[in-house]
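In the working numbering, the protein residues as written are 1 to 743.
Encoded structure:
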């Protein structure tokens with residue numbers, strides 16, 4: 001959410017009503033907004049939004065209210081007043097005053113003097129303020145009236161009091177942008193809050209933008225990420241084959257043991273290797289390799305150890321006989337609409353011992369098998385280098401250049417990496433939406449969010465990318481620890497880290513600049529997306545800022561990949577549509593679990609019960625699934641059915657209703673049926689419960705339910721969906737029902 005506290009400078013503006021009276025308003029300090037007031041900007045505003053104090057806002061509204069109540073001569077006179085001229089310059093005025101002007105449509109029209117044009121503004125459904133967008137014609141009018149142009153607007157403010165390890169790179173970025181940093185925080189609201197760990201680093205933010213999403217830390221823990229990707233593998237097994245087969249410990253230990261025993265019995269020559277990763281581990285801590293289930297370390301003291309065991313990739317791509325992985329930085333700019341950016345430059349982290357395929361003798365050689373920087377930096381073979389193409393940490397571009405010199409199709413590799421990133425984000429977004437509405441309920445004060453993620457990707461020998469994990473808090477240090485004397489360590493600058501990380505943070509801030517021109521993406525996504533390769537205009541330093549303000553900054557190092565490639569990947573967002581149904585029946589309380597009554601309401605509303613599936617059967621289904629999932633989530637404090645349990649129940653219902661089809665087709669048909677029964681235009685309360693961003697155009701909010709089905713407004717799809725039981729067998733060739741995999 002953009003900041004709404006700004007500077008207004010009006011130099012001796014003459015009033016037609018009183019030629020002798022002069023008024024000068026000079027407000028240099030920011031005006032804090034009460035924590036109990038929600039301030040929402042209009043996303044369609046194309047110029048910076050500045051704030052006025054309460055007195056001038058009240059005076060402005062009274063003047064405009066009188067001008068609308070007395071047409072004719074009085075109206076003409078009111079347009080010439082200096083107060084009115086000040087109001088058009090992108091001001092923010094109370095929505096109650098606007099309602100006096102036009103109660104019926106909750107809109108107002110401003111006739112700009114000397115232009116004959118009309119500006120329109122709308123009050124937000126969830127805020128108390130309305131933004132009146134400014135126009136270039138305003139500046140022309142001011143020149144015609146002999147008025148001085150407004151002063152250069154204030155710099156963007158950034159609260160860095162919680163930045164932690166990313167502080168140095170963040171400071172450099174803010175300095176390059178000529179923004180204003182508040183390292184100790186401040187009472188008045190800032191435009192951007194940079195947290196080091198999670199959204200909850202600071203609990204008292206009611207406006208601005210935070211660089212963390214609620215629930216991202218929990219969602220990207222290894223178990224939750226595995227579950228999210230595995231759900232997508234059930235529906236789209238071919239599209240999600242970039243994630244190694246995994247098992248969750250200790251609950252799936254018996255499945256893991258049985259499957260490995262069967263594989264070895266069928267082929268005695270096969271002896272696969274597995275890598276075990278603690279659920280809450282980081283920086284390589286607690287990771288180890290095994291070749292037999294009996295080698296698992298399941299207990300820590302008296303408690304079972306939560307972990308993920310995955311198939312180990314035995315044939316990675318090697319450079320200089322060393323195994324390496326790619327750290328790629330990904331920006332999620334918003335959830336609704338979904339916007340994803342990928343950094344054009346990344347890091348490659350190398351092992352420090354020549355690679356050999358795993359055997360019983362070398363399983364414990366962490367410097368050979370594990371690419372984690374925090375492990376290999378302690379190796380005697382680790383090489384700190386000032387060059388980008390040598391040493392144990394290099395830039396991604398230097399590695400791609402070497403591969404291209406060997407004839408590798410780099411464009412194809414990069415395209416596969418982009419697809420992996422988009423598909424992974426699509427897998428975790430459904431749960432993120434649930435967390436978002438729980439921590440920032442629609443219609444209540446709160447910030448908007450963005451976040452930089454660290455994707456760890458391994459290239460196989462055949463150049464296929466494999467997802468290792470996703471980090472919610474990737475290291476943004478631009479220095480490394482070096483032993484300058486025996487037992488004496490100090491931090492020294494790392495040119496490779498600074499080159500990559502400062503650019504990522506700086507350009508993330510540029511994209512999140514609240515004064516930049518906002519993009520209207522809804523019109524692009526409604527039509528089903530864009531063709532591959534078609535460019536979407538990306539915010540640049542020239543939008544909303546003068547060249548003098550931005551200085552000589554390089555072009556953005558972040559490339560937009562979604563919604564740019566919407567058409568190629570939008571069909572994968574089926575689980576997100578299920579999450580929209582789930583959130584709808586949660587209500588507006590901000591909770592994250594569905595109670596038995598709400599689940600029964602879902603079944604009744606979507607008309608999913610019949611003589612073969614009674615409401616008693618519905619209750620049994622709810623109890624069975626909820627009980628099983630509550631056993632797998634021992635830390636859960638809230639009773640009821642979570643999203644993952646609801647998705648399992650939805651898959652079960654789809655399988656019962658469309659038995660002869662594969663799971664993907666079953667889910668699609670049941671979704672169409674439910675969406676048709678619910679209707680394309682939910683009520684106001686339903687829209688509020690579905691919305692994950694409180695400052696969106698109304699057109700987006702009313703379509704949140706049908707994320708990938710924008711044409712559901714047509715009566716034809718509604719009739720078709722309502723009778724899918726019969727038509728499914730007429731239109732689709734019957735196939736064998738695909739059995740559900742684990743969980």
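We put the beta carbon where it would ideally sit given N, CA and C, even for glycine. These numbers come from a predicted model, not from an experiment.
- Taking just the CA atoms, how far does residue 212 sit from residue 458? In a straight line, the C-alpha of residue 458 is about 26 angstroms away from that of residue 212.
- Query: Does any C-beta atom of chain B lie closer than 8 angstroms to the C-beta of residue 423?
  - Reply: Absent here is chain B; the protein component of the structure consists of one chain.
- Item | Cβ-Cβ distance between residue 341 and residue 511 below 8 angstroms | Contact: yes.
- Query: Whose C-beta lies closer than 6 angstroms to the C-beta of residue 398 among residues of the same chain, with five residues either side of it excluded?
  - Reply: Result list for residue 398: 388, 389, in chain order.
- Message: For residue 357, list the residues DSSP reports as bridge partners.
- Response: DSSP lists no partner for residue 357.
- Message: Can you tell me where the alpha helix (DSSP H) holding residue 224 begins and where it ends?
- Response: Per DSSP, residue 224 is one residue of the alpha helix (DSSP H) stretching across 222–235.
- Task: In the DSSP assignment, find the alpha helix (DSSP H) that holds residue 160 and state where it starts and stops.
- Result: Taken as a continuous stretch (DSSP letters only), residue 160 belongs to no alpha helix (DSSP H), being part of the beta strand (DSSP E) at 157–162.
- Report buried or exposed for residue 381, applying the criterion of at least 16 other Cβ atoms within 10 angstroms of its Cβ. By the Cβ-count criterion, residue 381 is exposed, with fewer than 16 other Cβ atoms from all chains shown falling within 10 Å of its own Cβ.
- Could you tell me which residues DSSP pairs with residue 747 in its beta bridges? The question about residue 747 has no answer, for the chain in this structure spans 1 to 743.
- Distance, Cα to Cα, residue 305 vs residue 338? Distance from the CA atom of residue 305 to the CA atom of residue 338, rounded to whole angstroms, is 35 angstroms.
- Query: Residues in its own chain within less than 7 angstroms of residue 318 by CB, not counting five upstream and five downstream?
  - Reply: The residues are 355.
- Taking only the alpha-carbon atoms, compute the straight-line gap between residue 269 and residue 216 and give it to the nearest angstrom. The straight-line gap separating the alpha-carbon atoms of residue 269 and residue 216 is approximately 42 angstroms.
- Message: Based on DSSP bridge pairs, tell me the residues matched to residue 507.
- Response: None; residue 507 has no bridge partner.
- Message: Considering only their Cβ atoms, is the gap separating residue 650 from residue 603 smaller than 8 angstroms?
- Response: Contact flag unset, no.
- Message: Can you give me the C-alpha to C-alpha distance between residue 284 and residue 277, rounded to a whole angstrom?
- Response: Each residue's Cα considered, the two are about 8 angstroms apart.
- Counting Cβ pairs closer than 8 angstroms, one from the segment 348–363 and one from the segment 240–260, do we hit at least three? Result no; under three Cβ-Cβ pairs closer than 8 angstroms.
- Query: Rounded to whole angstroms, how far is the Cβ of residue 586 from the Cβ of residue 574, which I believe are closer than 8 angstroms?
  - Reply: With a beta-carbon spacing of about 19 angstroms, residue 586 and residue 574 fall beyond the 8 angstroms limit used to define contacts.
- Would you give the residue range spanned by the beta strand (DSSP E) that residue 264 belongs to? It is not in any beta strand (DSSP E) - residue 264 instead sits in the alpha helix (DSSP H) that spans 253–266.
- Item | Exposed unless 16 or more other CB atoms sit within 10 angstroms - verdict on residue 298 | Around the C-beta of residue 298, fewer than 16 other C-beta atoms lie within 10 Å, and the residue is accordingly described as exposed.
- Whole-angstrom distance between residue 291 and residue 360, CA atom to CA atom: When rounded, the distance between both Cα atoms is 8 angstroms.
- Item | Per-residue DSSP class, three states only, for residue 327 | Reduced to three states, the DSSP call for residue 327 is strand.
- Whole-angstrom distance between residue 392 and residue 645, CA atom to CA atom: Going from the Cα of residue 645 to the Cα of residue 392 covers about 43 angstroms.
- Query: Using the rule of at least 16 other Cβ atoms within 10 Å of the residue's Cβ for burial, across every protein chain shown, is residue 607 buried or exposed?
  - Reply: With fewer than 16 other beta carbons inside 10 angstroms of its own, residue 607 counts as exposed.
- Tell me the DSSP bridge mates of residue 422? Looking at the DSSP assignment, residue 422 forms no beta bridge with any residue, so it has no partner.
- Own chain residues within Cβ distance below 6 angstroms of residue 648, not counting five before or after: 625.
- Item | Within 8 angstroms, strictly: CB atoms of residue 439 and residue 613 | Taking the C-beta atoms as reference points, residue 613 is found no nearer than 8 angstroms to residue 439.
- Query: Mind checking residue 376: buried by the 16 CB within 10 Å criterion, or exposed?
  - Reply: The Cβ neighbour count for residue 376, taken over all protein chains shown within 10 Å, is at least 16; the residue is labelled buried.
- For residue 456, which beta-bridge partners are listed by DSSP? Partner(s): 327, 469.
- Over what stretch of residues does the beta strand (DSSP E) that includes residue 561 continue unbroken? Looking at the DSSP string, the run of the beta strand (DSSP E) that includes residue 561 is 558–562.
- With DSSP run on the structure shown, which of helix, strand or coil describes residue 449? Residue 449: strand per DSSP, three-state reduction.
- Classify residue 142 as buried or exposed, calling it buried when 16 or more other Cβ atoms lie within 10 Å of its own Cβ. Model confidence at residue 142 stands at a pLDDT of 48, short of 50, so the residue's coordinates are unreliable; what they give is reported in the following sentence. With 16 or more other Cβ atoms within 10 Å, it is buried.
- Where residue 557 and residue 480 are concerned, what is the direct C-alpha to C-alpha distance, given to the nearest angstrom? When rounded, the distance between both Cα atoms is 23 angstroms.
- Going by the beta-carbon positions, is the gap between residue 596 and residue 622 smaller than 8 angstroms? The criterion of a C-beta distance shorter than 8 angstroms is satisfied by residue 596 and residue 622.
- Of the residues 619, 210, 254, 164, the one placed nearest residue 333, counting alpha carbons only: Closest option to residue 333, judged by alpha-carbon separation, among 619, 210, 254, 164: 210.
- Rounded to a whole number of angstroms, what is the C-alpha to C-alpha distance between residue 244 and residue 467? Each residue's Cα considered, the two are about 8 angstroms apart.
- Task: Starting from the C-beta of residue 273, find all residues in its chain whose C-beta is less than 7 angstroms away, skip the five residues before and the five after it, and write them out in chain order.
- Result: Within the same chain, residue 273 has close Cβ partners 289, 291, 312, 314, 358.
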